[in-house]
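Let me begin by presenting the structure, written as structure tokens, before commenting on it.
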Amino acid sequence: MISYRKELIINLPKRRGFVNITPQVNNALKESNIKEGLLLCNAMHITASVFINDDESGLHQDFETWLEKLAPEKPYNIYHHNGYEDNADAHLKRQVMGREVIVAITNGNLDFGPWEQIFYGEFDGKRNKKILIKIIGE
Amino acid sequence: MISYRKELIINLPKRRGFVNITPQVNNALKESNIKEGLLLCNAMHITASVFINDDESGLHQDFETWLEKLAPEKPYNIYHHNGYEDNADAHLKRQVMGREVIVAITNGNLDFGPWEQIFYGEFDGKRNKKILIKIIGE
Amino acid sequence: MISYRKELIINLPKRRGFVNITPQVNNALKESNIKEGLLLCNAMHITASVFINDDESGLHQDFETWLEKLAPEKPYNIYHHNGYEDNADAHLKRQVMGREVIVAITNGNLDFGPWEQIFYGEFDGKRNKKILIKIIGE
Chain A
13 MISYRKELII NLPKRRGFVN ITPQVNNALK ESNIKEGLLL CNAMHITASV FINDDESGLH
73 QDFETWLEKL APEKPYNIYH HNGYEDNADA HLKRQVMGRE VIVAITNGNL DFGPWEQIFY
133 GEFDGKRNKK ILIKIIGE
Chain B
13 MISYRKELII NLPKRRGFVN ITPQVNNALK ESNIKEGLLL CNAMHITASV FINDDESGLH
73 QDFETWLEKL APEKPYNIYH HNGYEDNADA HLKRQVMGRE VIVAITNGNL DFGPWEQIFY
133 GEFDGKRNKK ILIKIIGE
Chain C
13 MISYRKELII NLPKRRGFVN ITPQVNNALK ESNIKEGLLL CNAMHITASV FINDDESGLH
73 QDFETWLEKL APEKPYNIYH HNGYEDNADA HLKRQVMGRE VIVAITNGNL DFGPWEQIFY
133 GEFDGKRNKK ILIKIIGE
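Chains as they are written, first to last, in the working numbering: chain A, 13 to 150; chain B, 13 to 150; chain C, 13 to 150.
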């Protein structure tokens, strides 16, 4: 069994947004030289997500509107968490979108359907955040 | 380490529904001959889910009602994604229900609690959709 | 490849609550002697969750309020599932919070960001519930 680990760093210049990280994950897979196995990709911060969906800007606007409806940022004082912080909504949004994805590795490639792309979802940005890639296999 | 891969194909004759795929996943596990490891089962399409919950038809009606409340199908024009498409709601519903499950494999079996069953959740059906099963272990 | 399996048992004296199980998961990892690999931790019951977020009591109150808004416990008769049961809401809440987490194991440790902690989320308590830990690696 081989294992491989890499961290990505993202600094989004606004509070919320979605970044397609599929190219970086693919690069990590190539560096690992693993041909068969499982790849874990997770946000290392609890106000961010890694998820798989469509690379379509209209859909990303819909995600933003929808998450704001389900777990609005403001007013800040509706959340107990927001004593010294203002990011309770980010912790909730992250639960809807998820922390991590697991991708099958087959013949040295991400074993994806036709439209699957990996996204980093930031809900409390404007600072360095880390993403972990861990691959195990052969 | 052994790895095993299989695709399932599902064509649901309506837009939304839930299908218990535990028997097919179990068959794949038996074919793999893997006794200890991890099994990944994921929707290969981004308007569908694989998740674990209860095989109870009343609950499945509750999921349908609840998901329509959280992310309604119509009116189509409330979603930016629905320019050439009408399935923005399916992309949102899939985030609530999840893309994938990971199941422990122990003594050659799905290592499940008493009521755990694996479901495919379709949110934009009436066409062929693929599910991936990948198992690694020994 | 080594594999390791352990069950935790939790009996929460109320219907809903969150328990930090990171110490128990860490103990299991040390017992396994696995240094590189992947760790799966999942609820074995379908009215409970395992998830990663912040160990902050205000946030846990926010989760409770938010989940009750998204999928209220009462009135019981709004759910088809509640013929002989009263826990339909617990099945829905568990979908928002997720069934499982996968954690990278690096140098014999849980490979975590600065605030990541593993929680058991109970949505239908007052009885014994099981959590599965499965680790594979070397």
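Glycine included, every Cβ here is placed at the ideal spot set by N, Cα and C.
With fewer than three CB-CB distances shorter than 8 Å, the segment 92–110 of chain A does not count as touching the segment 114–122 of chain B.
The segment 71–81 of chain A makes no contact with the segment 47–58 of chain C, as fewer than three CB pairs between them are under 8 Å.
For Lys86 (chain B), the closest alpha carbon among the candidates B:Lys142, B:Thr77, B:Trp78, B:Asp101 is that of B:Asp101. Among the residues of chain B, those whose CB is under 7 Å from the CB of Tyr91 (chain C) are Asp74, following chain order. Residues of chain B with a Cβ closer than 8 Å to the Cβ of Asn65 (chain A) are, in chain order, Ile58, His103, Arg106, Gln107.
In chain B, no part has a C-beta under 7 Å from the C-beta of Gly29 (chain A); the shortest such distance is about 15 Å.
Secondary structure at Leu24 (chain A): coil, using DSSP grouped into helix, strand and coil.
For Thr77 (chain B), the secondary structure class from DSSP, reduced to helix, strand or coil, is helix. Around the C-beta of Lys141 (chain A), 16 or more other C-beta atoms lie within 10 Å, and the residue is accordingly described as buried.
Glu19 (chain A) and Ala55 (chain A) have their alpha carbons spaced roughly 10 Å apart. For the segment 110–132 of chain A, the set of positions with a beta-carbon nearer than 8 Å to some beta-carbon of chain C reads Gly110, Arg111, Glu112, Ile114 in chain order. For Glu112 (chain B), the enclosing beta strand (DSSP E) stretches over residues 112–118. With contact defined as three or more Cβ pairs closer than 8 Å, the segment 34–49 of chain A and the segment 105–112 of chain A are not in contact. For the beta strand (DSSP E) assignment, the uninterrupted runs of no fewer than 3 residues enclosed by the segment 35–81 of chain C are, from N- to C-terminal side, 49–55, 60–65. When CB distances to chain C are screened at a threshold of 7 Å, the residues of the segment 43–54 of chain B falling below it are Glu48, Gly49, Leu50, in chain order. A check of alpha carbon separations from Tyr132 (chain B) across B:Ile14, B:Trp78, B:Ile64 identifies B:Ile64 as the nearest. Per the coordinates, the alpha-carbon of Asp123 (chain C) lies some 40 Å from the alpha-carbon of Arg27 (chain B).
Glu19 (chain B) has B:Leu144 as its beta-bridge partners, per DSSP.
DSSP, read as helix, strand or coil, puts Ile14 (chain B) in strand.
DSSP, read as helix, strand or coil, puts Tyr96 (chain A) in coil.
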